[in-house]
Structure formats: structure tokens, C-alpha cells
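Colleague:
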Amino acid sequence: MGFGVAFIPVNLLFCFIGVLLGTLVGVLPGIGPGASIALLLPITYALRPETAIIMLAGIYYGAQYGGSTTSILVNIPGEASSVVTCLDGYQMARRGRAGPALGISAFGSFIGGTLSLIGLMLLGPMLARLALQFGPSEYFSFTCLSIIILGFLSKGSILKCFISALGGLFVGLIGTDSISGSLRFTYGSLTLSDGAGIVPVVMGLFGVAEVFINLEQKEDRDVFKTKIKNIFPSVKDWIKSIGAIIRGSFIGFFLGMLPGAGPVMASFTSYAIEKRVSRHPEEFGNGAIAGVASPESANNAASTSSMIPLFSLGLPSNVIMALLLGALMIHGITPSPFLVTEQPQVFWGVISSMYVGNVLLLLLNLPLIPIWVKLLKVPYGILFPMILLFCLIGVYTVNTNSYEILIMLIFGALGYLMRKAGFEGAPFCFALIIGPLMETNLRQALLQSRGDLSIFFTRPISAVVMGIACILLILQLFPAVQKRRAALKDQEDQ
Amino acid sequence: MDRLYGFIIFFLGMIIFWQGRYLDVGNLQEPGPGFFPILVAILMMILSLFLIISRRKSEGKFFFAKPSIHVLIVFVVLLAYSFTLEYLGFIIVSFLLMTYLFKAFGGSKKWRGAVLWALASVVLAYLLFNVLLEGNLPRGILGV
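Here the protein sequences line up with chains A and B, keeping their order. Letter 102 of the first sequence, counting from 1, is numbered 123 in the numbering used here, and no numbers are missing. Letter 45 of the second sequence, counting from 1, is numbered 654 in the numbering used here, and no numbers are missing.
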């Protein structure tokens, strides 16, 4: 049934547009799937819900394909999830092996994405059935877990990460309280009574702030000048990479599902594990093809599996999923365990379109690489003004409200200052979106239990989740874990 | 530097706490709209205290020199854009903005190039957002 939906011409078209945009956005450093999805949210109003998600999802996993192109050719990651690919990918390019690197990256991404998709297909409905037993206390515990896992992911100080998240929680409170109807922190502004808005804030923090940061740094991009021959990896390459691809896919699949984790964590972890498992660990960092295959499969697997919590439970596992949640709500669909049965065309339609999308991406990424390379040569001076313009207009068209442009600019400035001070934007955005969910469930759980806080620890599922959250929280504070994070960060900085 | 940030965050937390007292906090049995904000404010103040007393060395990479004046100028210009957009209309204001931006970002070394690029991008954006996507870009004094 799903393929029936996926092959409707409209959906095919938007799937193609989505993956194309995704690759584009992935290739271009500085603009990411988050900002672009936020930008395109207004456009999806006119589409059917499944078409909208098909396109937006396409942008997300498409970006995982595209991000590796710049990593390999220019040593600048197009996306955070392609940072690790720089390590070996660029080295391969320097040795004249850019072609096979790009090739195995595309194939690895394809295999990772497809395997993960099969997992999604099998696991999704099962999880949805399990989730029917979830109550507010379980949901609250999951949201707590997500926020705590954010700490593992942060590049800088964990303390600042959590403070950032608290900031996001606060901004998420601005507006009308859903339970009591009272206005919070709106100071008489009509615009604010609807909340600060996901679109203005995310576009400000990720889009505008990014442009501001880049304004300061004049980065030189040396696009690699060798001719790219032989995109198809040799048999020897395949033999070396197939293990990495399979391992990467599994790691990505599991890490993608975890709230707060996702493609970035998956790519790092997969690379680290691959290096440990390899018979020639010294090759890593010098052009080991497994070092390209592994993270690329992982990040695609993760981006696909990160849709599982959203579609089975209605809980977004990262910022992008939160945006997709927003898109679904725009269409009047509140994702929940009932989504699979009540809106099968959304669930199965999106899944089958993802199969199609992965194939399209494989085609797009192999022969079209020279085009992407040319695109990289567009000077930043042209690119960034246009990005700004699109941000400005995009935000305006959501509610035809120029105050939302103001909100976006304020958060753009905030994002810029935060970045300079060492506070990250991602925890802020994630908390912004998950905050209302957290609060509603907390209040409902307390209402149910009549003020008994122990409910979070006595209901079995909730207790387990809370337990894991507490353990992870304490783990993060140990010096041993901190050292490992610092080591990973150093690898990334090189 | 971290200490300064800690103080700022503490101050912010205090403001939230203070402003939030108008909201009904309720109690554990019936949490009101003020419950979560107070919680957030308290946590913020606690964490910022940790930041104030922390002895960690600041990570070199994140601390650039002072914020660039360029960024401030661009920010002010963008603010001006948001305020004049609905009065003067999309086309004029965007054209002016883009001309400035292309010059400021170094996309074009001379004003003539910037003007041309600005023209092209505004036309493109207009076609894309107003015509193709049927958006509602403000008409302003040109009436378009």
C-alpha cells in the first residue's frame, strides 16, 4: 500500500525535490537540513501531509549523502555528521582516490539507509503497539532522558550545554499555557501570545547566526583540483569496506533511535568502533576506505531510524524530528502510537518514499558530483546574502507578520553571541520544542498521581527510563568519560 | 570569562523567577502555569553558580576576539529591513538590502556588480515566493 502512495506523481516529484535540496544543503557548508526544513515548513501548508513529510524527510537523509562530498574534496564537512568522513576521505582524495571515496560513501549511505529502513518498517509498528501502554509519566521520563543524552553530544562544556537547554525550555514556555490558558511572558504582544515560534527561532539560531559567524571568518576553500575518475570502488575496496558498512548500519540504526542521539553521534561512534575492530588501525586517518564507509553508512542509518520514535511514539528524537513534528501538527495530525493505524498513508507512504529516495540519491550523488563540485565554487559573498534573503522572506510568509522577522533576528544575534561564548544552539532548539511536551506530561502525570512524585519511579517503564537517565547523568560527570569526549573532540578539531 | 557568563545567566534566572511569580505556581497535586517556569529558573540559577565557581580553562577555540563590528552593522541593517518592509514594500526594501549585503559580504567589489546581483536575486525571490508559491509579500508604496 505504501508504494502505491509513494509512486503518486506528486509524491514522487516532491521526493525528488526533497532529496535534491537535501544533497544541495548537505554539500554547502553553513546551511544545514535544520534551517532548510524550517524554511520550507511554510510551503508545506499547501501540500498533503504525506507529501510534506516525504519532501522534508528527503531533505534530511539527502543531506547525509551530500555532506560527505565536501568532506572528501575540501576537508570541510558539509554537515556535522560528515565531520569524521573528513579524516580519511580527504586523505584518500589527496592520494588521487577521491573517486572511490565518493563512490563508497554513496554506496555506504545507500546500504545504511536501506537496511535501516527495513528496520524501521519492522520495528515501527511493534513499538507503536508497545507505546500504547505509555502514559504521561513515561513520556516525561523519555523527554528527561533525551535532554540528558544531549550532554554526551555536546562539543564543549556539559554545563553550558544544559544551561543552553534551560534557555530553550524557557523560550518554549512563552505564549499561552495549554492547560490553564494563561499567558506567560508575553507582555501584551499578540505575536508572542502564540509562542516565539519554531520557525523564527530555529532559522535565527541556525540560519542567521551561522551567516553572522561566517561573516567574521574568511574561510578559504581549496576545492580539490584533481580529476575525479573511477567513481566505482574496486573489488578490493569493497572487500575492505563491506564489514564497515554493515557494522556502521547497525550502529547507526540503534543510535538514531535514541532520543538526543542521531547521525552525528552515530558517525563518531561508528568510526571509533571501526578503528578499534580493524586489523590495520594505523591506516585510519591516512586514507582507510573503511574510515569513509563506516561513518557514512552510520549517519544514513541513523537519520532513517531517528524517525522511529516520532512515528511510533510521537516523540521527536532530535531537532529535525521536532520540526517534522511541527509539520505534522500544521496538518492537524498529532503523531502518537495510533499514527500507524489511523494514518497509514502517512506512515507507509513516507517509508516507501524513503526507499525511492535512497535510490534517487544514489543516482544523484554519483554522476552529478561534478555539478556539486562546481557549486562549491560559488563564493560565500554571493551565497550568504541570498541565504539571508530567503530566511527573511521565509519567516515572513509563515504568518505574514514582520514581527517574526524581528524574532528571528533577535535569535540570530543570540545564537551568534552564544556561539562566541561557547554555548551551543542545538540543545537550545531541542529543548525549545520538547519543552512543552515535557511540561504537559509532567503536569498530567502529577495530576494523575495527585502530587506523588514517586510515580515516575514506580511505574515500570518510566522507572527504567528514569534510571537510565540518572545513570547517564552521573556518568557524564566522571573524569574518565570527560577525557574520552575530549579525545573525540580533538580528533574532530584536526 | 566563564564567570561573567555565569553571572549573566544567574541574573537571567533571577529575572525569570521574579517575573514568574505572577503566575500561579500551584502545588504538586495541581501544578499551575508557574510551576515549570519556576523550576527552570531555579535550575538556571543553580547551574550558573557552578559556572561561576568552575575553574576550567576556557576552550581556546570558542573564544574569538571581540565580536566584529561588521556583524553589528549587518544586524542593524537587517533590523531596519524588518521595520520598513511593510511600509515600503518588498521589492524596494529587498533591493536596497541585497545591494548592501552583496557589497558588505564581498560578493561584489564594486557597487555596480552588487546592484546587478541584487536585481537578479530580488526578481528571483519575487517570482519564487509571490508568483510560484503565492506568498503574500508586502506591497508597500509601489503597489506590487
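Built from N, CA and C at the ideal position, the CB exists for glycine as well.
1. Less than 8 Å between C-beta atoms, sequence neighbours within five positions excluded: which residues of the same chain meet that for VAL683(B)?
2. Taking the alpha-carbon of ALA343(A) as reference, which of SER333(A), CYS450(A) and ASN462(A) has the nearest alpha-carbon?
3. Are the segment 471-489 of chain A and the segment 176-186 of chain A touching by the rule of at least three beta carbon pairs closer than 8 Å?
4. Verify the CB distance criterion: does GLN515(A) have a CB-CB separation below 8 Å to chain B?
5. Of all the options GLY218(A), THR197(A) and SER201(A), which has the alpha carbon lying nearest to the alpha carbon of TYR208(A)?
6. What does GLY698(B) reach in chain A if we use C-beta pairs closer than 7 Å?
7. Taking its Cβ as the centre, do 16 or more other Cβ atoms sit within 10 Å of TYR160(A), making it buried, or is it exposed?
8. Is ARG205(A) close to chain B? Criterion is C-beta to C-beta, closer than 8 Å.
9. Does PRO640(B) come out as helix, strand or coil in the three-state DSSP assignment?
10. What do you get for VAL702(B), buried or exposed, if any count of 16 or more other CB atoms within 10 angstroms of its CB means buried?
11. Since LEU346(A) and PRO330(A) should fall inside the 8 Å C-beta cutoff, what is the C-beta to C-beta distance between them, to a whole number of angstroms?
12. Report, in whole angstroms, the separation of the C-beta atoms of VAL40(A) and LEU382(A), which I expect to be a contact under 8 Å.
13. Could you check the C-alpha separation between GLY669(B) and TYR614(B) for me, to the nearest Å?
14. Check whether the segment 643-658 of chain B touches the segment 614-629 of chain B, counting contact only when three or more Cβ pairs, one atom from each stretch, lie closer than 8 Å.
15. At least one CB of chain A closer than 8 Å to the CB of PHE704(B): is that the case?
16. Which first and last residues belong to the alpha helix (DSSP H) in which ALA152(A) is found?
17. Around the C-beta of GLN85(A), are 16 or more other C-beta atoms found within 10 angstroms, so that it is buried, or is it exposed?
18. Can you check DSSP and say which residues form a bridge with THR197(A)?
19. Please confirm whether PHE619(B) has its beta-carbon closer than 8 Å to some beta-carbon of chain A.
20. What residues match up with GLY635(B) in a beta bridge as DSSP calls it?
21. Less than 8 Å between CB atoms is the rule here; does TRP726(B) satisfy it with respect to chain A?
22. In whole angstroms, what separates the C-alpha of LEU360(A) from that of LEU144(A)?
23. Can you check whether the CB of LEU61(A) is closer than 8 Å to the CB of LEU45(A)?
24. Quick one, are the C-beta atoms of LYS598(A) and ALA323(A) less than 8 Å apart?
25. Which residues in the same chain as SER418(A) place their Cβ atom closer than 6 Å to its Cβ, once the five residues preceding and following it in sequence are excluded?
26. Determine whether the Cβ of ALA734(B) lies closer than 8 Å to any Cβ atom of chain A.
27. Short check: CB of GLY134(A) to CB of PRO254(A), under 8 Å?
28. Would you please verify whether the beta carbon of LEU171(A) is less than 8 Å from any beta carbon of chain B?
29. Quick one: what does DSSP say ALA723(B) is sitting in, helix, strand or coil?
30. Nearest by alpha-carbon distance to VAL313(A): which of ILE168(A), ASN96(A) and GLY55(A) is it?
31. Taking Cβ-Cβ distances shorter than 7 Å, what residues in chain A pair up with MET707(B)?
32. Use the C-beta contact count for GLY193(A): other C-beta atoms within 10 angstroms, 16 or more gives buried, fewer gives exposed.
33. Name, going along the chain, the residues of the segment 219-234 of chain A whose beta-carbon falls closer than 7 Å to a beta-carbon of chain B.
34. Does PHE183(A) have its Cβ less than 8 Å from a Cβ in chain B?
35. Assign PHE673(B) to buried or exposed, taking buried as 16 or more other Cβ atoms, counted over all protein chains shown, within 10 Å of its Cβ.
Modeller: Concretely, from the data shown:
1. The residue labelled residue 683(B) in the question sits at position 74 within the second sequence. Here the set comprises LEU710 and ALA713.
2. The count along the first sequence starts at 1 and reaches residue 343(A) at position 322. When only C-alpha atoms are compared, the closest one is CYS450(A).
3. no
4. Counted from its first residue, the first sequence places residue 515(A) at position 494. In this predicted model, GLN515(A) has a pLDDT of only 47, less than 50, meaning its place in the structure is not dependable; the value taken from the coordinates is given anyway. With 8 Å as the cut-off, GLN515(A) does not count as an interface residue toward chain B.
5. Stepping through the first sequence from its first residue, residue 208(A) is reached at position 187. Comparing Cα-Cα distances from TYR208(A) to each of GLY218(A), THR197(A) and SER201(A), the minimum goes to THR197(A).
6. On the second sequence, position 89 is the one that residue 698(B) refers to. What GLY698(B) touches in chain A: nothing, since even the nearest Cβ is about 12 Å away.
7. Counting from one through the first sequence, the residue named residue 160(A) turns up at place 139. Buried, by the Cβ-count rule.
8. As a first step, residue 205(A) is located in the first sequence; it is residue number 184 there, counting from the start. With 8 Å as the cut-off, ARG205(A) counts as an interface residue toward chain B.
9. Looking up residue 640(B) in the second sequence gives position 31. For PRO640(B), the three-state secondary structure derived from DSSP is strand.
10. Walking along the second sequence from the start, residue 702(B) turns up at place 93. By the neighbour-count rule (16 or more Cβ atoms within 10 Å), VAL702(B) is buried.
11. The sequence position of residue 346(A) within the first sequence is 325, counting from 1. The sequence position of residue 330(A) within the first sequence is 309, counting from 1. With 8 Å as the limit, LEU346(A) and PRO330(A) do not qualify as a contact, their Cβ atoms being about 10 Å apart.
12. Counted from its first residue, the first sequence places residue 40(A) at position 19. Counted from its first residue, the first sequence places residue 382(A) at position 361. The beta carbons of VAL40(A) and LEU382(A) sit about 5 Å from each other, so the pair counts as a contact at 8 Å.
13. On the second sequence, position 60 is the one that residue 669(B) refers to. On the second sequence, position 5 is the one that residue 614(B) refers to. Interpretation of GLY669(B) is limited by its pLDDT of 46, a score under 50 that renders its predicted location unreliable; the figure taken from the coordinates is listed afterwards. Whole-angstrom Cα-Cα distance: 16 Å.
14. yes
15. Taking the first residue of the second sequence as 1, we reach residue 704(B) at position 95. For PHE704(B), the answer is no, since every Cβ of chain A falls outside 8 Å of its Cβ.
16. Locating residue 152(A) in the first sequence gives position 131, where the first residue counts as 1. From DSSP, the alpha helix (DSSP H) with ALA152(A) extends over 119-152.
17. One-based indexing of the first sequence puts residue 85(A) at position 64. That one is buried.
18. Stepping through the first sequence from its first residue, residue 197(A) is reached at position 176. BP columns for THR197(A) point to LEU204(A).
19. Along the second sequence, one-based indexing puts residue 619(B) at 10. PHE619(B) does not count as touching chain A.
20. Taking the first residue of the second sequence as 1, we reach residue 635(B) at position 26. In the DSSP output, where bridge partners are listed per residue, GLY635(B) has PRO640(B).
21. Taking the first residue of the second sequence as position 1, residue 726(B) is located at position 117. With 8 Å as the cut-off, TRP726(B) counts as an interface residue toward chain A.
22. Stepping through the first sequence from its first residue, residue 360(A) is reached at position 339. Stepping through the first sequence from its first residue, residue 144(A) is reached at position 123. Near 14 Å, if we compare the C-alpha coordinates of LEU144(A) and LEU360(A).
23. The residue you call residue 45(A) lines up with position 24 of the first sequence. The residue you call residue 61(A) lines up with position 40 of the first sequence. It is not a contact, given that the beta carbons lie outside the stated cut-off.
24. Within the shown structure, residues of chain A are numbered from 22 to 515, placing residue 598(A) beyond reach of any answer.
25. Position 397 of the first sequence holds residue 418(A). Here residue 418(A) is Thr; the residue named in the question, Ser, does not match the sequence. Closer than 6 Å at the Cβ level, and outside the excluded window around THR418(A), lie PRO63.
26. In the second sequence, counting from the first residue as 1, residue 734(B) sits at position 125. By this cut-off, ALA734(B) is an interface position.
27. Translated into positions along the first sequence, residue 134(A) becomes position 113. Translated into positions along the first sequence, residue 254(A) becomes position 233. Their beta carbons are not under 8 Å apart, which means GLY134(A) does not touch PRO254(A) by this criterion.
28. Mapped onto the first sequence, residue 171(A) falls at position 150. Not closer than 8 Å to any Cβ of chain B, the Cβ of LEU171(A) fails to qualify, so no.
29. Taking the first residue of the second sequence as position 1, residue 723(B) is located at position 114. Of the three classes helix, strand and coil, the one that applies to ALA723(B) here is helix, per DSSP.
30. Stepping through the first sequence from its first residue, residue 313(A) is reached at position 292. Answer by Cα proximity: ASN96(A).
31. For the purposes of this step, residue 707(B) is taken as the residue at position 98 of the second sequence. By Cβ distance, chain A contributes PRO406 and LEU410.
32. Counting from 1 along the first sequence, the entry for residue 193(A) is found at position 172. GLY193(A) comes out buried.
33. PHE233
34. By one-based count along the first sequence, residue 183(A) stands at place 162. So yes, PHE183(A) belongs to the interface.
35. Counting from one through the second sequence, the residue named residue 673(B) turns up at place 64. In this predicted model, PHE673(B) has a pLDDT of only 48, less than 50, meaning its place in the structure is not dependable; the value taken from the coordinates is given anyway. PHE673(B) is exposed by the Cβ-count criterion.
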